Amino acid sequence: MASWVDARAGNGRWLLRIDDLDTPRVDPDAESEILATLEAHGLYWDGPVARQSNHVAQYRAALDKLAQRCFACRCTRRQLRGTARYPGTCRNLSLPWEGNAIRIRAEGRVGFPDRVQQAPTSGESGTLDDFVVRRRDGFASYHLAVVVDDHAMGVDHVVRGADLMDDTARQLFLMAALGTAPPSYAHIPVIVEASGVKLSKHNQATAIDSRFARQNVGAALTLLGFEPPDENTPALLDWAIRQWDIARVPAGPVVRGFTALS
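Convert by adding 2 to the 1-based position in the sequence shown; the result is the number in the numbering used here.
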């Protein structure tokens, strides 16, 4: 909702990309469900739907460009469990790329302005370690794929969850290494359960019910700091575009105390 209204209020284009790069884990019904949900809530996109599975050659080309700054790593998730930062175990071992993950040498701190969050590099945010750009199974990492796709699609504004702020620092590092211009960022607080866990399919959160599209749109706008009128969905979206001011979105990483009524 935040990204759609922000794009429309700024006379921009709202682009839709399906992150289906991890093909062995892709749910064949997920894309149609995503599109149907967006349409039911009046959130129509501009241009064709982009799919990461069609961009494998571009990811390989980007990795080739970064090759001199990368190294192979054989560490497993189990071996790294409990470590906040990659300790550089394989940095100087000159391991073969085949069958191993590929990490890029990265260090220091990357700061960035944010249109919502007042301190985007607080805590560990922005502090880099050697992160993965190609997984052991040969798939490009999320960071590399997003950077390549955003550049190819001409993305100049990104509005997404505050839980991805650490990822933004890594992606900005890759953009600098690839020589591409960074977009403007706005990180929206995410909704969490009482335990502090983010609402998500991974955590068995209840799916959005499109039968209550108007209520869903109103609830989203309320959480974003607005007081929406009691209108039907199209009128509510038009109102949101006219009233949009991203400065009203609450800063902070999470929204607590949210209750969904079924």
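Don't be surprised by glycine CBs; every beta carbon is placed ideally from N, CA and C.
Given the structure is predicted, the values throughout are model-derived calculations rather than measurements.
Looking at R93 and D132, is the spacing between their C-beta atoms short of 8 Å?
-> yes
Using only alpha-carbon positions, find the residue among Q119, R71, W47 that is nearest to A188.
-> Q119
So, R136 versus L37, is the Cβ gap smaller than 8 Å?
-> no
Rank L82, W99, P98 by C-alpha distance to the C-alpha of T91 and give the top, closest one.
-> L82
Which of helix, strand or coil does DSSP assign to G133?
-> Per the sequence presented here, residue 133 reads as Phe, with Gly not at that position. Residue state, collapsed to three classes: strand.
What runs of the alpha helix (DSSP H), each 4 residues or longer, lie entirely inside the segment 26-99?
-> 32-42, 58-68, 79-82
Taking all protein chains shown into account, decide if G220 is buried (16 or more other Cβ within 10 angstroms of its Cβ) or exposed.
-> buried
Straight-line gap, V134 to S96 (C-alpha atoms, nearest Å) = 16 Å
Any 3 or more C-beta pairs closer than 8 Å across the segment 7-14 and the segment 149-161 = yes
Taking R250 as the reference, give the member of F228, S143, P30 with the closest Cα.
-> F228
Below 8 Å between beta carbons: does that hold for V148 and Q173?
-> yes
Work out the CA separation of Y46 and A74 for me, nearest whole Å.
-> 42 Å
Name the DSSP bridge partner or partners of V160?
-> Y187
Residue range of the alpha helix (DSSP H) that R244 falls in?
-> 235-245
Leaving out five residues on either side along the sequence, give the residues of the same chain with a beta carbon under 6 Å from the beta carbon of T123.
-> Summary for T123: the model assigns pLDDT 48, below 50, so the residue's position carries little reliability; its value from the coordinates is reported in the next sentence. G113, listed in sequence order.
Going by beta carbon distance, what residues of the same chain come within less than 6 Å of R53, once the five residues before and after it are set aside?
-> I20, D22
Given that a residue counts as buried once 16 or more other Cβ atoms are within 10 Å of its Cβ, and exposed if not, what is H145?
-> buried
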